[in-house]
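Residue numbers (my numbering): 164 to 835.
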Amino acid sequence: ISDQKPLGCWSVKHGQILTCPVVCNFETHEYIAVHDDKVLRIWKNEDLNLDKAFKATLSADVYRIHSLPQGGALVLFRGGGVRTLDVLLEAPQQEIENLISAEAIRWSGAFMEGQEPVLIFTTEKDKDFFVYVQKPKLNSLHKYKLEQQKLAKPLCFTAHITNQTVTLLCLYSNNSVYQVLIPLQQDTEEEEEKEEEILSKSLLLNLSISGAALKGTSLVVLDKDHVAVLGSVPDPGKKPKESLTIWNTKFQTLQTSKELPLGTSGQLWCYEEKFFLIHGKVLTVIMYKCETSSLAAAVGKLKDSQTLDVSSFVNWNTLEDEELAVSFESQESVALKAESRMNLRSNRSTGPSGTLSVGQLLVRLKDASNYVLETELKKLMAKASTPDLQATIGCVVTALTDRCKRNPKFYPQNLLQEIVETRDLSYSLCPDLMAVALEQKDLQLLQICLERFPDIPEEITYACLKAFLSMSEDHLKSVDVNLDSAICYVDVECNDMEVKTEILENGFSEEMDQDMCDTKIPKESQSDGESCPVGLQKAALLNAVLHSAYTETFLLPHLKNLPAQQAILFLRYLYYLYVKCSEKVNTTLPGIRSPTINQIMDWMCLLLDAQFTVMVMLPEAKDLLSNLHKFVRAQVRFYSELNKIEGSLQELQRLNHLRESQTYSIEVLEII
Numbered sequence: 164i165s166d167q168k169p170l171g172c173w174s175v176k177h178g179q180i181l182t183c184p185v186v187c188n189f190e191t192h193e194y195i196a197v198h199d200d201k202v203l204r205i206w207k208n209e210d211l212n213l214d215k216a217f218k219a220t221l222s223a224d225v226y227r228i229h230s231l232p233q234g235g236a237l238v239l240f241r242g243g244g245v246r247t248l249d250v251l252l253e254a255p256q257q258e259i260e261n262l263i264s265a266e267a268i269r270w271s272g273a274f275m276e277g278q279e280p281v282l283i284f285t286t287e288k289d290k291d292f293f294v295y296v297q298k299p300k301l302n303s304l305h306k307y308k309l310e311q312q313k314l315a316k317p318l319c320f321t322a323h324i325t326n327q328t329v330t331l332l333c334l335y336s337n338n339s340v341y342q343v344l345i346p347l348q349q350d351t352e353e354e355e356e357k358e359e360e361i362l363s364k365s366l367l368l369n370l371s372i373s374g375a376a377l378k379g380t381s382l383v384v385l386d387k388d389h390v391a392v393l394g395s396v397p398d399p400g401k402k403p404k405e406s407l408t409i410w411n412t413k414f415q416t417l418q419t420s421k422e423l424p425l426g427t428s429g430q431l432w433c434y435e436e437k438f439f440l441i442h443g444k445v446l447t448v449i450m451y452k453c454e455t456s457s458l459a460a461a462v463g464k465l466k467d468s469q470t471l472d473v474s475s476f477v478n479w480n481t482l483e484d485e486e487l488a489v490s491f492e493s494q495e496s497v498a499l500k501a502e503s504r505m506n507l508r509s510n511r512s513t514g515p516s517g518t519l520s521v522g523q524l525l526v527r528l529k530d531a532s533n534y535v536l537e538t539e540l541k542k543l544m545a546k547a548s549t550p551d552l553q554a555t556i557g558c559v560v561t562a563l564t565d566r567c568k569r570n571p572k573f574y575p576q577n578l579l580q581e582i583v584e585t586r587d588l589s590y591s592l593c594p595d596l597m598a599v600a601l602e603q604k605d606l607q608l609l610q611i612c613l614e615r616f617p618d619i620p621e622e623i624t625y626a627c628l629k630a631f632l633s634m635s636e637d638h639l640k641s642v643d644v645n646l647d648s649a650i651c652y653v654d655v656e657c658n659d660m661e662v663k664t665e666i667l668e669n670g671f672s673e674e675m676d677q678d679m680c681d682t683k684i685p686k687e688s689q690s691d692g693e694s695c696p697v698g699l700q701k702a703a704l705l706n707a708v709l710h711s712a713y714t715e716t717f718l719l720p721h722l723k724n725l726p727a728q729q730a731i732l733f734l735r736y737l738y739y740l741y742v743k744c745s746e747k748v749n750t751t752l753p754g755i756r757s758p759t760i761n762q763i764m765d766w767m768c769l770l771l772d773a774q775f776t777v778m779v780m781l782p783e784a785k786d787l788l789s790n791l792h793k794f795v796r797a798q799v800r801f802y803s804e805l806n807k808i809e810g811s812l813q814e815l816q817r818l819n820h821l822r823e824s825q826t827y828s829i830e831v832l833e834i835i
């Protein structure tokens, strides 16, 4: 999420529907999904095709799968039955009991109590709500009825377990949060015969912000003294204002709140001190840190929530960056991220000595001259402390790119190149840098970014590829780029001076290729594979693209838009690299950061997948595809011949080990 880069994508077949959230099994590092209510799928990260993943059809409909870090996976069925995943996989068609025939499950949660997993779920029937507490491994089940509330009903639930007691929190439609305590009981015969117990509840919070009721839609527990509520506050004559709020349940006060102007889906998740919510069309992650609740921390929070130092409890910077984009105010917010460290009682952004924070300095330099801005930013990087270095550099680069976009004449090329070359940056830390470099046609900076950034989006990688291929060779000769990756093997304007070797390396020669294919290759076609189809500068830039990480699923649609002539040129260069690699026994090109054989093959396959129809239709691509096909076929046949004598070679190696060094002998080994 921090790099905003997709790592994998899996799809069910057309007509199939995923019917419960997918979870990760912490013990086996596998994904578990259910589609069409009864079909269980299990796969690992390296599996590409979901249709080929493990499949098991169950005998009953699944409501939800819960995964616990040390308790395995629990499967809750719509009828109330619960099974551990291991037990279920032993007999997928086993009969599942129906405990709640006329009730509908509204919420469920799984927890660990000691070494035992505990599953809790709530149901509804005729406006009555029930709570079930199950211990699947002990085959224990307890059912309770929730005390009714006049003119209000539960909207959502959450829970936690402490000291053998379940604390169930219920968000009701009357804008209140109630607490229900349920002791974890031991099974006895008397308990089994008892009728369901009615649970009483106590008022925990009245949700009100500055006198206006907060209509909550989602509730999560942060710790024993804090909860977070996502909801909206009515605004007369206007659309309700959605907000994320954090409440101190110990003192029943509002700790902090943040308005969400882009709207939400009404859902809020919490995992490892991070909030996850949909804000507008973006998945937003907000970090927080809870400290021990104290009266001093809670006093005055309810009176005026607008004057809170909200960054001291929650890092709202993610939201501010969305709203303010790349303005200088958002730069200040990014800088505060490193300063506050999301602590509940953090220091103010201005230290005791009165020195300016990074964000405040950037705001002050907003209207400074280009020279002053560049000079001050160099000073800022030079004295940045180690813990805040990454955040500071990110602010500096974003400030520079922001100025570049507002003033096209301003482009500190040397400073930007120096930062990228000497600092450990990533694309997500300065997301506008490569876009600005593309506008300025700064090929050297793009080359450095492609080689160093691990998280470049496929759209930007494609834009760089297209820009490099479209550049004329005459223009590139005047451009200063790093040639180390290509200068050792690219044969430019020196083909007549080459001395052909008589040694057959890696099973390839022109005579062998012609003999195996029973076709004589025209001389024109031979020259295509001998000389590099692009100049030295363009080859070095294309090598940088080959080094860039990508996800095939997301790059393929962009490659389909590559102009036909550029696609052919790129394929010719990849074919040239492939031949060059195959000339060497170790299939490794000389030079620094030269493309590997795997990178070349992957890009060649990807380009052919994206452009195959176009290639087949274009006459100028016919010879290229034919030569590529013949060369690959010759390679396949050569390795096939090697496989045939592999056994004999292994036997020869074995005999060599058995031979006594002191005796003389003549041995004849017949290879059949």
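Beta carbons: idealized from backbone N, C-alpha and C, even for Gly.
Note that this is a predicted model, so its numbers are computed, not measured.
Check, Outcome
"The beta strand (DSSP E) with residue 217 in it runs from where to where?", "217–220"
"What's the call for residue 395, buried or exposed, on a 16-neighbour Cβ count within 10 Å?", "buried"
"Does the beta-carbon of residue 703 have 16 or more other beta-carbons within 10 angstroms, so that it is buried, or is it exposed?", "buried"
"Leaving out five residues before and five after residue 799 in sequence, what residues of the same chain have Cβ atoms less than 7 Å from its Cβ?", "none"
"Whole angstroms is fine: what's the gap from residue 769's alpha carbon to residue 210's?", "18 Å"
"Out of 206, 426, 723, 751, which one is the CA nearest neighbour of residue 172?", "206"
"Within the continuous beta strand (DSSP E) that includes residue 405, where are the two ends?", "404–411"
"Here's the rule I'm using: 16 or more other beta-carbon atoms within 10 Å means buried, otherwise exposed. How should residue 369 be labelled?", "exposed"
"Return the chain-ordered ranges of every alpha helix (DSSP H) run that is complete within the stretch 733–805 and spans a minimum of 4 residues.", "760–780"
"Closest to residue 626 by C-alpha separation, out of 572, 445, 707, would be which residue?", "707"
"Taking its Cβ as the centre, do 16 or more other Cβ atoms sit within 10 Å of residue 592, making it buried, or is it exposed?", "buried"
"Would you grab the beta carbon distance between residue 389 and residue 372 for me? Rounded to a whole angstrom, and I think it's under 8 Å.", "No, residue 389 and residue 372 are not in contact; Cβ-Cβ is about 16 Å, not under 8 Å."
"Where do the ends of the alpha helix (DSSP H) carrying residue 615 lie?", "606–615"
"Exposed or buried, which one is residue 701 when buried takes at least 16 other CB atoms within 10 Å?", "buried"
"For residue 777, I'd like the list of residues in its chain whose CB is within less than 7 Å of its CB, leaving aside the five on either flank, ordered along the chain.", "727, 730"
"Is residue 497 buried or exposed, if buried means 16 or more other CB atoms sit within 10 Å of its CB?", "Residue placement at residue 497 is poorly supported in this model, since its pLDDT is 32, which falls under 50; the coordinates still yield a value, given next. Per the 10 Å Cβ criterion, buried."
"According to DSSP, simplified to helix, strand and coil, what is residue 729?", "helix"
"Return the CA-CA distance between residue 114 and residue 397, expressed in angstroms with no decimal places.", "Limits of the chain in this structure are 164 at one end and 835 at the other, which puts residue 114 out of reach."
"Buried or exposed, going by whether 16 or more other CB atoms sit within 10 Å of the CB of residue 244?", "buried"
"Could you round the C-beta distance between residue 270 and residue 285 to whole angstroms and report it? I think they count as a contact, below 8 Å.", "5 Å"
"Whose CA, out of 267, 250, 265, 266, lies closest to the CA of residue 259?", "250"
"Distance, Cα to Cα, residue 558 vs residue 405?", "29 Å"
"Give me the Cα-Cα distance between residue 709 and residue 766, rounded to the nearest whole angstrom.", "7 Å"
"Under 7 Å Cβ to Cβ from residue 175, same chain only, skipping five residues before and after it: list those, please.", "181, 198, 213"
"Per DSSP, what kind of secondary structure is residue 292 in: helix, strand or coil?", "strand"
"By the three-class DSSP mapping on this structure, what secondary structure does residue 593 have?", "coil"
"Measure the Cβ-Cβ separation of residue 304 and residue 262 and say whether it is below 9 Å.", "yes"
"Note down the Cα distance separating residue 216 from residue 186, rounded to an integer number of angstroms.", "15 Å"
"Who pairs with residue 450 in a beta bridge, going by DSSP?", "437"
"In whole angstroms, what separates the C-alpha of residue 219 from that of residue 272?", "24 Å"
"Spatial neighbours of residue 232 within its chain, please: C-beta separation below 7 Å, excluding the five flanking residues on both sides.", "189"
"Between residue 756 and residue 648, which are expected to be in contact by the criterion C-beta below 8 Å, what is the C-beta distance as a whole number of angstroms?", "5 Å"
"When you compare each of 392, 298, 323 to residue 334 by their alpha carbons, which one comes out closest?", "392"
"Let me make sure I understand the geometry here. Which of 614, 439, 426, 376 has the alpha-carbon closest to that of residue 417?", "376"
"Taking Cβ positions, are residue 347 and residue 340 nearer each other than 9 Å?", "no"
"From what residue to what residue does the alpha helix (DSSP H) around residue 583 run?", "576–585"
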